[in-house]
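Protein chains: 2
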Amino acid sequence: MPSEKAIFNQFIREKKLKHSKQRENIIDVFLNIEKHMTLDELHGEVRRQYPDISFTTVYRTMKLLSESGLCRELHIRGGITRYEHVYGHTHHDHLICTVCGSCIEIIDLDIEKQQESIFVANGFIPSGHNMELYGVCPVCRKDRDIQ
Amino acid sequence: MPSEKAIFNQFIREKKLKHSKQRENIIDVFLNIEKHMTLDELHGEVRRQYPDISFTTVYRTMKLLSESGLCRELHIRGGITRYEHVYGHTHHDHLICTVCGSCIEIIDLDIEKQQESIFVANGFIPSGHNMELYGVCPVCRKDRDIQ
DNA sequence: CTCTATGCAAAACCTTTGCATAGAA
DNA sequence: TTCTATGCAAAGGTTTTGCATAGAG
């Protein structure tokens, strides 16, 4: 299984783009954090380690990473974009607490199968999907004394 | 089964708000279009029939409609907000063509059940969910000669 | 050398808000 | 009268782009 870096380098080569220190650094930072990060948060982390990298470069690098298939843009509740790792991660959905914002990754093969059959039944060629479940998590439920 | 207007009037009363010609008109326009509309598109339609209604009023009215449970904000691909009818419509998910943008409504009870059990298994109190499936529809598939 | 990457600033976009005035109850 | 609703313009927040300069191949 090739490393994420190897995949990105392959992608750069195919697209006839160039290597750069900044891209290397941004990718390192991203790959080392498993959380879903906004561009602002990501830029904050990047700048802590590499103070001279601009927001714009982080923006453009994350676009490239998305294109290369190494990450995915998440749009929870239609709010601002967050990025999540894709490579080496089973496809998963999200269970989100509307009170504290915590996010649990859900892997459900039954739903995946069912989704597949919806595509087939409608003659679609699948390219992706996303599912978010919203509710109140056990902790917030206690805090708020909901049933 | 009370009409949508009746429900909205009830909502207005409970919230101690007031009736207005503009709200009436906006709701009429919205209820007569089954498509998922952006605020801009909706405002365009509204203005065709009622040229003096402002974007802001459409915006605020749609927020009220959402609150009242008559419509729902859709965030497809995290892009701009669209509004869809809720009242009298079974909960459904969306199958979206990434080429032409067409959108098919999907009702799948198996998936609904499975979602319910995910909430229960994680101790969540459900408040809602959404699922979008993306792919290439049969028409675009032919146009592009994909397999 | 030639073409891409970067950083800055500014633009673009959509969504939301403040405020003075109009209108409902 | 006393609220709320409206329209306008302007602010906010995020995402995108133009352009001059730096840097990779």
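Those protein sequences? They're chains A and B, same order as listed.
FYI, the numbering used here numbers position 107 of the first sequence as 107, with every residue one higher than the one before it.
FYI, the numbering used here numbers position 15 of the second sequence as 15, with every residue one higher than the one before it.
Think of the CB as a built atom: it goes at the ideal place given N, C-alpha and C, for glycine as much as any other residue.
1) Assign residue 1 of chain A to one of two classes, buried (16 or more other C-beta atoms within 10 Å of its C-beta) or exposed (fewer than that).
2) Report the CB separation of residue 129 of chain B from residue 115 of chain B in whole angstroms; it is logged as a contact under 8 Å.
3) How would you label residue 120 of chain B, buried or exposed, when you count the other beta carbons within 10 angstroms and need 16 or more for buried?
4) Taking one C-beta from the stretch 80 to 89 of chain A and one from the stretch 28 to 46 of chain A each time, how about it: are there three or more such pairs within less than 8 Å?
5) Just to confirm before moving on: does the CB-CB distance between residue 10 of chain B and residue 57 of chain B stay below 7 Å?
6) If the criterion is Cβ atoms closer than 7 Å, does the pair residue 62 of chain B and residue 131 of chain A meet it?
7) Can you check the stretch 5 to 85 of chain A for any alpha helix (DSSP H) of at least 4 residues that lies completely inside it and give the ranges in chain order?
8) Using a Cβ-Cβ cut-off of less than 9 Å, list which residues of the stretch 77 to 93 of chain B approach chain A; keep chain order.
9) Check whether the Cβ of residue 59 of chain B lies closer than 7 Å to any Cβ atom in chain A.
10) Just the chain A side, please: which residues come within less than 9 Å of residue 40 of chain B by C-beta, in chain order?
11) Skipping 5 residues on each side, what residues in its chain have a beta carbon closer than 6 Å to that of residue 43 of chain B?
12) Quick one: using the 10 Å Cβ neighbour count with 16 as the cut-off for buried, is residue 74 of chain A buried or exposed?
13) Going by DSSP in three states, residue 2 of chain B sits in which element: helix, strand or coil?
To lay it out plainly:
1) exposed
2) 6 Å
3) exposed
4) yes
5) no
6) No. Outside cutoff.
7) Runs found: 21 to 31, 39 to 49, 55 to 68.
8) 77, 78, 79, 80, 81, 93
9) Residue 59 of chain B does not count as touching chain A.
10) Here the premise fails: no neighbours, minimum Cβ distance about 16 Å.
11) 55, 58
12) buried
13) coil
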